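Enquirer: This structure is in C-alpha cells; I'll ask about it shortly.
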Amino acid sequence: MRLTVKITIAVLLGIALIFSAYSYFSIQREREQLKKNLSREARHIGESLRYIVTELWQQRGEEVAINFLKKANQEYEQTLVRWVWIEGEAPQEFQPRVPVEQLDDLFNEETVALLAGSPDGGDYLLTYLPLLIDDNRIGAIELSESMDEMHDYVQESLRRSAIVIGVSICSALLFMGALGSIWIDRPMRKLRAQAERIGTGDFTPSVNLPGRGEIAELSSTIERMRGQLVDAREAEQIANQEKFETLEKLRHSERLATLGQLSAGMAHELGTPLNVIAGRAKLIRGAGMDPDDISRSATIIGEQADRMTGIMRQLLSFARRGKSQKQDVDLNTVLRGLQPLLGPTAREKGIVLLINEIEQPLPAHVDPAQIQQVLLNLTLNGIQAMPNGGEIALSGMRPTVTQAPEKFNDERIRWICLKVTDQGIGIEIENLRQIFDPFFTTKDIGQGTGLGLSIAHGIIEEHGGWIEVESRLGEGSCFSVYLPEAAAGELA
Amino acid sequence: MEAVCLDVHPHILLAEDDPELLELLIFVLLRAGYQVTGCDNGLQLLEELERVESYDLVISDLRMPALTGLEVLESQFDNSQCPPFICMTAFGDEKTHATAQKLGAVATIDKPFDLDDMIELIQTTLSGKNTHHYLRGVDHD
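Shown next, in the form of C-alpha cells:
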C-alpha cells in the first residue's frame, strides 16, 4: 500500500503544481486584460470629458468646466472624475492622488494610467488626461476607478481554481487508490505471501501472476526460485537419506562384526550344556535306568535346553536390533545387560569381567542398543588388548567435576560417565590421536574393520556426549563415555 | 595286591566347574566301574593331585575358576609321577589342542562329546596305549 500512496502523492503533487501554475498565469492574464479594459474605458470617458472640458474652459471659463466635471461624477457612479492641477500650487481638492513626480509624462501631453492604493486600503486605477490651459499651466482630468470589482473577480477565479484542484486531487486519490490496489497491492501481497511461504520451507502452492509487467516478471522469478529450491531440497533429502542409510549399513556391519566376536565366546558357552543334554539322552536310551533317574535326566535336559535358549536369545536380541529409538533408560540396566553377552568371551580369554553398577539411577535419554554397542566395542577392544588375562571393569558413575570439551560446556547439563578400564597393553601415544579415525586399526588384517571406535565416537556424539581415553603402555587403557543426564522425572 | 586292586577299579580324578556335567560324568564313570573323585575348580584339582598320588587318570576341563586346566597341566609338566591327563574343552580350537598336547595331555576332547567315546578313550588310555586321541564330540557317535 505504501508504494501506491507514494506514487499517488507524487502524481497529485505534480497535478496540483501544474494546476496552480496554470491558474496563476490565467488569473494574471485576466487581471491584465481587465485592467487594460478598465483603463481603455477610462481613457474613452476621459477623452470625451477632456473634449467637453476644453470647450467649456475656453468658452465659459474655469469654474464652469470644473463644475461640469463635478456633475459628471453623478453620471459615472463607479468612476470618480476630478480636476487636478499638476503645476503650481493648488488647493487640496485639486491635488492629484499620487505624487506629482509619478506623473511626469503628463508634461509631454501623454495620458498616464497607473494603479495606486488609497489611504482606506482600496486599490484604484488612476487615469490622468493632461490639459494645457491658456496660460500654459498643466492640469489634468483624473479618473479614479475602484479595483474592488476586479479583486472580487480574481478572488472568485482563485476560489474556483482551488475547488477544481481539490476535486481533482480527491478523485485522483480515489482512482489511483483503486487502481493501485488492483495493479500493485494485490499482486504484491500475493508475492509477499508466497515469498514468506517459501521462506518457511513450504514449497507447495504455485503463484504465477499473468501479464508482462514488472510484477509478473518478479512473480515468474519467484516461481523459478521456488522450483530451484524444491529441486535443491529434494536433492538434499535424497543425499541425506543415502548418507543415513550408508551410516546405518555401516553400523549394522560393525554390529555383525561385534556379533562375530561375541559368538565365539557364546559357542564355548554352549558346549557344556550340549554335552549334558547328549549324555543324559544317552542315559535314558540305555538300559537299566530306574524311573527316578530317567525322570531326573529328563528334567536336567529341559533345564540345559533352557540355559542354551537363554544364551541364544541374548545373542539374537543383540543381532536383531529394532529401529533406532531414543528412550529414557537407567544406564545401570544397560551395564547389567552386558554381562551375559560379554561374560562368555571374557571367560574364554581368561579375563575377569567386572560390572560395577551404582546404587543411584543413571537416567539418560539414549538408544540403549546403540550405547550397548559402544560399550561392547570398547570392552571387546579391551579384551583383545589383554592376551595374558586380567581384569576388565565396566563402571557407571556421576563424576563430581567434569571438564567438558568446549562445545559441550553447558553448566546446566549434569554428566554421567561410563568407564571401561582394562589391564591391557595400552595404546601408543602416537596412535592415541588417531584411534577414533575411521579405518585406523592396529590389529592385523582381517582382525578388525578399523571402524569400531569411529562408529562409537559417532554414536556418542549423536547423543550429545563425548569419549575420553587415557592409556599407559603396559598398564592398560581407560575409555570414559560421557552422556548428558536426563531430568530425574523422565526416567521410565 | 594293591596293584590288582587298582587295575580292577582305576581311580579317576575329574575336574569340571559345571555342576550338571560334573554330576553326569561322575555317574557315568561310576557306572562304568571306576572310582571317581570330582573337583569343581582348578585349585582343588591341583591340591587333590598333590595330596593323593595314586590317581590313574585325570580328566579336566580347561576353563575353570581359580586355576585353568592348562595351568594345572603345566604345573605337573616336570612331575614324572603325574597320571595321564585328558583335557575337555568346549568347541576347542587347534591352538588349544596343540597347547594341551605340548604340555603333556594324552588327549583333548571337545564338548559336546559322546559318553561312550569318552569311556573308550579312558579304557584305551588306561590300557597303556598312550597315543593321542582327538575326539570331536558327538560326531563319533
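Taken in order, these protein sequences are the chains called A and B. Following the working numbering, the numbering of the first sequence begins with 967 at its first residue and continues without gaps. Following the working numbering, the numbering of the second sequence begins with 2 at its first residue and continues without gaps. The C-beta atom is built at its ideal place from N, Cα and C for all residues, glycine as well. As the structure is a prediction and not an experimental result, all values here were calculated from the model.
#1: Could you say which of D79/B, L15/B and R64/B lies nearest to E49/B if we only look at CA atoms?
#2: So with CB distances below 8 Å, who are the chain B contacts of L1314/A?
#3: Return helix, strand or coil for H1331/A, following the three-state DSSP convention.
#4: Quick test of your reading: L1109/A and A1008/A, contact by CB under 8 Å. State the CB separation rounded to the nearest angstrom.
#5: Looking at the C-beta of V29/B, does it have a partner C-beta in chain A at a distance below 8 Å?
#6: Given 8 Å as the limit, is there contact between the segment 1340-1351 of chain A and the segment 1415-1430 of chain A, that is, 3 or more CB pairs closer than that?
#7: Listed from N- to C-terminal order along the chain, which residues in the segment 1238-1272 of chain A have their beta-carbon within a distance smaller than 8 Å of any beta-carbon of chain B?
#8: Out of M1142/A, R1063/A, A1128/A and P1153/A, which one is the CA nearest neighbour of E1111/A?
#9: So, is the C-beta of A1233/A closer than 8 Å to a C-beta in chain B?
#10: Can you tell me where the alpha helix (DSSP H) holding I27/B begins and where it ends?
#11: Going by CA-CA distance only, name the one from E1323/A, L1398/A, S1263/A and G1231/A that's closest to I1317/A.
#12: In angstroms with no decimal places, state the Cα-to-Cα distance between S986/A and R995/A.
#13: I need the boundaries of the beta strand (DSSP E) containing Q1389/A, first residue and last residue.
#14: Span of the alpha helix (DSSP H) holding Q1305/A?
#15: Does the beta carbon of T126/B sit closer than 8 Å to a beta carbon anywhere in chain A?
#16: On a CA-only basis, which of E1323/A, L1157/A, S1283/A and G1167/A is nearest L1222/A? Give me that one, please.
#17: Taking one C-beta from the segment 114-121 of chain B and one from the segment 1264-1278 of chain A each time, how about it: are there three or more such pairs within less than 8 Å?
#18: I'd like to know if D19/B contacts chain A, where contact means its C-beta is closer than 8 Å to some C-beta of that chain.
#19: Check F1374/A in the structure and name its three-state DSSP category.
#20: Assuming contact is defined by CB atoms lying nearer than 8 Å, are I1107/A and L1098/A in contact in what I supplied?
#21: Could you spell out where the alpha helix (DSSP H) holding A1182/A opens and where it closes?
#22: Spell out whether any CB of chain D is found under 8 Å from the CB atom of L22/B.
#23: What in chain A is Cβ-close to L116/B, meaning under 7 Å?
#24: Identify the contact partners of L25/B in chain A, using a Cβ-Cβ distance below 9 Å as the criterion.
#25: Of the residues F1374/A, E1122/A and L1360/A, which one's Cα is nearest the Cα of K1388/A?
#26: Leaving out the 5 sequence neighbours to the left and right, which residues in its chain are closer than 6 Å to S1437/A when beta-carbon positions are compared?
#27: Could you tell me which chain A residues have their CB closer than 8 Å to the CB of T69/B, listed as they occur along the chain?
#28: Suppose the cutoff is 8 Å on Cβ atoms and the five residues either side in sequence are ignored; what does the same chain contact list for G1431/A look like?
#29: At which residues does the beta strand (DSSP E) containing W1149/A begin and terminate?
#30: Going by beta-carbon coordinates alone, are V37/B and L47/B separated by less than 8 Å?
#31: If you follow the alpha helix (DSSP H) that Y1017/A is in, where does it begin and where does it stop?
#32: Could you check the C-alpha separation between P1257/A and L23/B for me, to the nearest Å?
#33: Straight-line CA distance for A1182/A to N1206/A?
#34: So C88/B packs on A99/B, CB below 8 Å; how close in whole Å?
#35: Pair every Cβ in the segment 1152-1171 of chain A with every Cβ in the segment 1195-1214 of chain A, then say whether three or more of these pairs are closer than 8 Å.
Expert: According to the structure data:
#1: L15/B
#2: For the sequence presented, residue 1314/A should be read as Glu rather than Leu. R64, listed in chain order.
#3: strand
#4: Correct: roughly 5 Å between the Cβ atoms.
#5: yes
#6: yes
#7: Listed by position, the residues of the segment 1238-1272 of chain A near chain B (Cβ gap below 8 Å) are T1238, P1239, L1240, N1241, V1242, I1243, A1244, G1245, R1246, K1248, L1249, I1266, E1269 and Q1270.
#8: R1063/A
#9: yes
#10: P20 to R32
#11: G1231/A
#12: 14 Å
#13: Where Q1389/A is concerned, there is no enclosing beta strand (DSSP E), given that its DSSP letter is neither H nor E.
#14: L1297 to E1314
#15: no
#16: When each option's Cα is compared against that of L1222/A, the closest is S1283/A.
#17: no
#18: yes
#19: helix
#20: no
#21: E1180 to R1251
#22: Of the protein chains in this structure, namely A and B, none is chain D.
#23: G1245 and K1248
#24: N1241, V1242, G1245, R1246, L1249, S1263 and I1266
#25: Reading the sequence as shown, one finds Asp at residue 1388/A and not Lys. Checking every option, the nearest Cα to that of D1388/A belongs to L1360/A.
#26: Excluding residues up to 5 positions away in sequence, G1392, I1393 and S1443 lie with their Cβ nearer than 6 Å to the Cβ of S1437/A in the same chain.
#27: G1316
#28: F1374, W1381, V1447, Y1448, L1449 and P1450
#29: Careful: W1149/A lies outside any beta strand (DSSP E) and carries neither H nor E.
#30: No, the Cβ-Cβ distance between V37/B and L47/B is not below 8 Å.
#31: R968 to R1026
#32: 21 Å
#33: Near 35 Å, if we compare the C-alpha coordinates of N1206/A and A1182/A.
#34: About 12 Å; that fails the 8 Å criterion.
#35: yes
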